[in-house]
Amino acid sequence: MYTLHYLDQLVTVLQKLSLCQLTIPVLQLGVLISACVVGSKTLEDLYHLRLALVCSDLTLREAAALHEEAVGQAYIGETEQASCRKEIALRKEKGREPLLEESLPALDRRQSAVPPAEMKPLLAKDKIMKTNGETGRGLDGTSLPQLWTLKAEVLLQMDLYQPARLLLSEAYQAFQELEDPCAQSRCLHLLAQLANKERNHEQARRLVEQARLLGGGEDFWYSSSLTLADALLSLGTEGAETVVCQLFQKLVETFNILKKERPNRTPVLEFMTADLEARYLRLQVKLAQEPADGELSRGPALLSDLDGRLLELEKKFASFGCRKSCADIKLERARIKRLCALSEPNEEHRAARYLEAHGLAQGAVVELEALLQRVQGFLPLQDVSETRGSPPRPAQHGGTPGVSQTARRQPRRRAENPALGWRPRALGQQWRPCPRAEDPRSPVNPKSKNRD
């Protein structure tokens, strides 16, 4: 299970670096381990769902359909629910500690009346699912709620709301029995994301605020702040932008303190801080377009200051390797240049501002085109069109141990009819007629392969 945990961490990092195409072989390995080593069909379904999502993002529609077909329509089974309830009941009877001791936070987890934005992130370790201790195959019943949460997270991204809601409700009830507040807060946060997707923003706001009272790690506070900001801005209440800016500022200050207290988490906190600052500056640009009566003279100076701060963030994202974030910041800076041009009285200066905006927009397009070309380089369209229409061969996943692909092809080579004058052009390619100079009744001449 530790191998799958680190594979999941690798997939997360690759997705942040906009290298989604590289996650496909990693997730395929997860499918193989889940099926052959762990022996859990429900865990295998999780990796099939993740593969379906990645293939859909890469417009590999037929491959995505194959992975969805492998999962089916039953995302949670009665056997899983019964196993989970049985394990929880046994733990209560034996008076054992709650599940997943390594996932419990080291700090005090009591609820506090302090506003959510001022609460300090807990020291919650990563959860690692466990196999069945009795049989050694399949998942332990108390690890199933975590699996349901992971499935629901993928289903939300696939816009499958009803099965995601069912999984989250079952997982939340189980985590309440297990007395795991961090897991409960994550379920509530995902339910808030679901409410936002369904445009029920008031319910999303209540759910995410309830989740923030339970607390969580740095990832939870980062993602829940984005969900809360989305709900507040979508409600359209007066002063929502100002409230969200204050929310981002407080969280940035908290993360800056955590960088000193938790140096091993500094790279992750640096990325989260940079992203929060970029979102804060975008809201500031939006507010600058509607200045108050006494701030009209501060417009150009404020925009120039925002442009400089965005430039620093662009360099920081470039050092992280996040090219998509760099493109987003370039577009925001181009927007600032256009706003500056509107308030520029001098015609030459106005034209210069527009040219700067045009150059920044072109730079953003270049960044995104580079990402697209990188994806196409790993997934050539011609190869994809040849392979995605047929079911995957066992050799693509490693095949049978001790048997090479060439040896696997030998029976088919012996079964061909030499009298028809057909032979394979190369391994894995289409068939074509033999040259007329060769005798169709004779064995294939090795020298003829060099002419191919």
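Residue numbering for the sequence shown follows full-length UniProt numbering, starting at 1 and increasing by one per position.
No residue lacks a Cβ here, since even glycine has one placed at the ideal position from N, Cα and C.
Since we're looking at a predicted model, the values are computed, not measured.
Assuming Leu168 contacts Ala192 under a Cβ cut-off of 8 angstroms, what Cβ separation, rounded to an integer in Å, is found between them?
With 8 angstroms as the limit, Leu168 and Ala192 do not qualify as a contact, their Cβ atoms being about 10 angstroms apart.
My output table needs one value for Leu139: the three-state DSSP class, helix, strand or coil.
strand
Could you tell me which whole beta strand (DSSP E) segments of length 3 or greater appear in the segment 232-304?
Listed in chain order, nothing qualifies, since the segment 232-304 has no complete beta strand (DSSP E) run of 3 or more residues.
May I ask you to report which of helix, strand or coil DSSP gives Thr3?
helix
Shortest alpha-carbon distance to Cys187 belongs to which of Val285, Gln362, Phe175, Leu43?
Phe175
So, with DSSP's three-state summary, where would you put Thr131?
strand
Give the C-beta separation of Ala361 and Leu331 to the nearest angstrom, bearing in mind that I take them to be a contact with Cβ-Cβ under 8 angstroms.
About 7 angstroms; that satisfies the 8 angstroms criterion.
Thinking Ser18 and Leu371 are a contact (beta carbons under 8 angstroms), I'd like their distance in whole angstroms, please.
5 angstroms
What first and last residue would you give for the alpha helix (DSSP H) that runs through Asn200?
Careful: Asn200 lies outside any alpha helix (DSSP H) and carries neither H nor E.
Excluding five sequence neighbours on each side, which residues of the same chain lie with their C-beta closer than 6 angstroms to the C-beta of Pro163?
Tyr75, Leu155
Taking DSSP as the reference, what is the three-state secondary structure of Ile76?
coil
Taking all protein chains shown into account, decide if Tyr47 is buried (16 or more other Cβ within 10 angstroms of its Cβ) or exposed.
buried
Closest to Ile88 by CA distance: which of Phe320, Gly141, Gly39 is it?
Gly141
Is the CB-CB distance between Phe220 and His201 below 9 angstroms?
no
Throw me the rounded Cβ distance for the Ser234 and Phe248 pair, which I believe falls under 8 angstroms.
At roughly 16 angstroms, the Cβ-Cβ gap does not stay under 8 angstroms, so Ser234 and Phe248 are not in contact.
The alpha helix (DSSP H) with Pro25 in it runs from where to where?
23-33
At which residues does the alpha helix (DSSP H) containing Thr42 begin and terminate?
41-57
Take Glu153 and list the residues in its own chain whose beta-carbon comes closer than 7 angstroms to its own, dropping the five residues that flank it on each side.
The answer, listed in chain order, is Leu190.
Apply the 10 Å Cβ neighbour rule to Phe317 and answer buried if 16 or more other Cβ atoms are within range, or exposed otherwise.
buried
Using C-beta distances below 8 angstroms, list every residue in its chain close to Lys286, excluding the 5 sequence neighbours before and after it, in chain order.
Glu241
Do Tyr354 and Asp275 have their beta-carbon atoms positioned less than 9 angstroms apart in this structure?
No, the Cβ-Cβ distance between Asp275 and Tyr354 is not below 9 angstroms.
Excluding the 5 residues preceding and the 5 following Asp8 in the sequence, name in chain order all residues of the same chain whose CB lies nearer than 8 angstroms to its CB.
Answer for Asp8: Gly30, listed in chain order.
Comparing C-alpha positions only, which one of Ile329, Phe320, Ala341, Asn346 sits nearest to Val13?
Phe320
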